[in-house]
Ligand code: SF4
Ligand code: SF4
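Below you can see the structure in the form of structure tokens.
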């Protein structure tokens, strides 16, 4: 049991391009004590804003693959017969891409000719940034177990929060609604859903609201670039009212967000206009609604 209460807020958007990472960067600059986690392990981009200094890195072993030792293999054919993924060629070589790592061939080989070593599927990092610690990762190309890697780095962030007595973990979630998103949501204290005023934005929001409700995680909604389509923004607000969702706030479109990103800065560091105040008030809402005790 941790000696202090740790809250974990996940920021999700259902798809890329809603300004989610810019918002996480701004919150990173705003909130004094937290651990940051980038759970987009397939295409991480929070580091572009935060310029992390890597303190430590570790391999991510995400499964196993069969390997036939040709000197021991008698070509008996047993492994080919039992592999239902057709991953073993007529020459008794394992196709690494096709091998699902089920281990059945290893079990049935009568001559102990199949090794089953763990596979390095990526790396995870503990880094220092100008806004505090960042836990992030990179899945190796072609690897598919991003959900496992997300679970691993969330666990590492929690360990660090416990050791350092830090009360908050701020998670930049992956896009979509697949396995890594589920992995970033389970057990979280709350979720902030960033959407934009388009039909596809509303559609994505609806899917991710269902998902967070399935996991009994209270969702809060933020409409970004709200002035780009006021009619659609009103539809999203109506959707929130009809579905009992609280609105954390809205943010206008501001080209300064892109300018800041290009310069590797958060919007709070870059712009002197009113966006910073709005983001502050959004964070107050999140605190009121999610971090209640
Ligand atoms: S089961 Fe073992 S010995 Fe038989 S073909 Fe496969 S690897 Fe070779
Ligand atoms: S581990 Fe499973 S998928 Fe891979 S070659 Fe063996 S039987 Fe086929």
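Residue numbers (the working numbering): -2 to 290. Here a beta-carbon is modelled for each residue, glycine too, at the ideal position from N, C-alpha and C. Every value quoted in this text rests on a predicted model; they were computed, and no experiment measured them.
Are at least three pairs of beta-carbons, each pair with one atom in the segment 80 to 95 and one in the segment 18 to 33, less than 8 Å apart?
no
Could you tell me the distance, in whole angstroms, from the CA atom of residue 284 to the CA atom of residue 159?
20 Å
Distance, residue 107 Cα to residue 71 Cα:
9 Å
Using beta-carbon positions only, say whether residue 212 and residue 149 come within less than 8 Å of one another.
no
Whole-angstrom distance between residue 166 and residue 54, CA atom to CA atom
20 Å
Tell me the rounded alpha-carbon separation between residue 18 and residue 118.
24 Å
What residue does the beta strand (DSSP E) around residue 105 start on, and which one ends it?
First-last for residue 105: 101 to 105, but that is the alpha helix (DSSP H), not the beta strand (DSSP E).
Does the distance from the C-beta atom of residue 39 to that of residue 171 stay below 8 Å?
yes
Taking DSSP as the reference, what is the three-state secondary structure of residue 290?
At residue 290, the pLDDT of 48 sits below 50, so the modelled position is not reliable and the matter cannot be decided from this model.
If you draw a straight line from the alpha carbon of residue 185 to that of residue 35, how long is it in whole angstroms?
14 Å
Beta-carbon contacts of residue 261 that lie in its chain and below 8 Å, excluding the five residues immediately before and after
45, 46 and 48
Tell me, which residues are paired with residue 134 by DSSP?
121
Roughly how many whole angstroms lie between the Cα atoms of residue 248 and residue 276?
8 Å
Within its chain, find whatever has a CB closer than 7 Å to the CB of residue 290; leave out the 5 residues flanking it on each side and keep chain order.
Residue placement at residue 290 cannot be trusted, given a pLDDT of 48 that sits under 50; what the coordinates show is reported in the next sentence. Cβ neighbours of residue 290 beyond the five flanking positions: none.
What residue ranges within the segment 173 to 223 form continuous beta strand (DSSP E) runs of no fewer than 3 residues, ordered along the chain?
187 to 192 and 216 to 220
Ignore the nearest five residues each way along the sequence and tell me which others in residue 256's own chain have a CB closer than 6 Å to its CB.
none
Spatial distance of residue 3 from residue 209 (CA atoms)
19 Å
For residue 166, list the residues DSSP reports as bridge partners.
5 and 32
Please confirm whether residue 217 and residue 189 have their CB atoms less than 8 Å apart.
yes
Rounded to whole angstroms, what is the Cα-Cα separation between residue 105 and residue 201?
46 Å
Write down the C-beta distance between residue 143 and residue 177 rounded to the nearest angstrom, noting that I regard them as a contact closer than 8 Å.
4 Å
Since I believe residue 214 is in contact with residue 244 (beta carbons under 8 Å), could you give me their beta-carbon distance rounded to a whole number of angstroms?
In fact, because the Cβ distance is near 17 Å, the residues do not count as touching under 8 Å.
With 16 other Cβ atoms within 10 Å as the buried cut-off, status of residue 128
buried
Closer than 6 Å to ligand 1: residues, by C-beta to nearest heavy atom, in chain order
65, 70, 71, 72, 73, 74, 75, 76, 89, 106, 108, 110 and 111
Within 10 angstroms of the Cβ of residue 140, are there 16 or more other Cβ atoms? Answer buried if so, exposed if not.
buried
Using the Cα positions of residue 292 and residue 83, report the straight-line distance between them to the nearest angstrom.
Outside the displayed range of the chain (-2 to 290) lies residue 292, so it cannot be described from this structure.
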